[in-house]
Amino acid sequence: ADLEQAVQALEEALPGMPPASFAYAMIAHNLSDQLQQRFQHTSHIDDLKRAVELSTQSVEYTPPNSPSMSTHLTALANAFNRFYEYTGDSGYLDKSLDALEGIAERTTINSPGYAGVAANLAGALNDRYMRKGELADLERSIQILEKTIQDGLPTSSNMDIAYLNLGNSLIALFFRTGNL
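Position in the sequence shown counted from 1, then plus 6, gives you this note's numbering.
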């Protein structure tokens, strides 16, 4: 009931916000998150469709240099990734990668989330490699992770995920090439 109430409250608030405003973008983002949560529990595809629509709007209505842009792009990437997982349509994985690329372009090496952003992008590239078999995706995943580990602070958050993803990508490359 709590999740339903949260969705209902945000749905009621959204029409009262001026379109293309910061407030609209924030409410759309939050509603998208709640709909994605509800989708995880119900598998109602309409929730996921609406989440993608709202996340797209939150990206469109946020200035490109806003600190909120990465958060909105992350929600959009997550929604597209869930669509991909649910449907198996790799076009959604491509869209998720586009959003992740947008986040990576905005994240500096000194950012606390740098390793996590790189790990997410590399993981998505690895997923697409597994789906489509394009060696360039796997090689790019490895390149991103090696650079992240080389440039990142050893204590930065998500560095462990970067190492884990690098190991997985290198194993996948070994199985592809047979090179020890």
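Every residue, glycine too, gets a C-beta built ideally from N, C-alpha and C. Predicted model only: the values in this text are computed from it and were never measured.
Could you work out which residue in the options is closest to residue i when comparing CA atoms only?
i    : options                   : result
V13  : N87, Q43, S102 and S72    : Q43
H35  : Q46, T80, E10 and G22     : T80
L170 : L141, R182, A124 and R137 : A124
S64  : Y30, M23 and E91          : Y30
R137 : Y98, N116 and P21         : Y98
N71  : T113, E91 and K153        : T113
Using a 10 Å radius around the Cβ and a threshold of 16 neighbouring Cβ atoms, would you call residue i buried or exposed?
i    : result
G139 : exposed
I109 : buried
S49  : exposed
R182 : exposed
D53  : buried
Q11  : exposed
Q149 : exposed
L186 : exposed
Do residue i and residue j have their C-beta atoms closer together than 7 angstroms?
i    : j    : result
S96  : N132 : no
S61  : S27  : no
A121 : G158 : yes
L106 : A83  : yes
I33  : A15  : no
H78  : T93  : no
Since I believe residue j is in contact with residue i (beta carbons under 8 angstroms), could you give me their beta-carbon distance rounded to a whole number of angstroms?
i    : j    : result
L151 : A178 : The Cβ separation is near 12 angstroms, so there is no contact.
S102 : A130 : 6 angstroms
Report all residues from its chain with a CB closer than 7 angstroms to the CB of residue i; omit the five preceding and five following residues, and keep chain order.
i   : result
P25 : none
Once you ignore the five residues that flank residue i on each side, which residues in its own chain have a CB closer than 6 angstroms to its CB?
i    : result
I155 : A168
So is residue i in contact with chain C if we call contact Cβ pairs under 7 angstroms?
i   : result
Q40 : The structure shown contains no chain C, having only a single protein chain.
Can you list, in chain order, the residues of its chain with a C-beta nearer than 8 angstroms to that of residue i? Leave out the 5 residues immediately preceding and following it.
i    : result
L144 : L131, N132, Y135, S175, A178, L179 and R182
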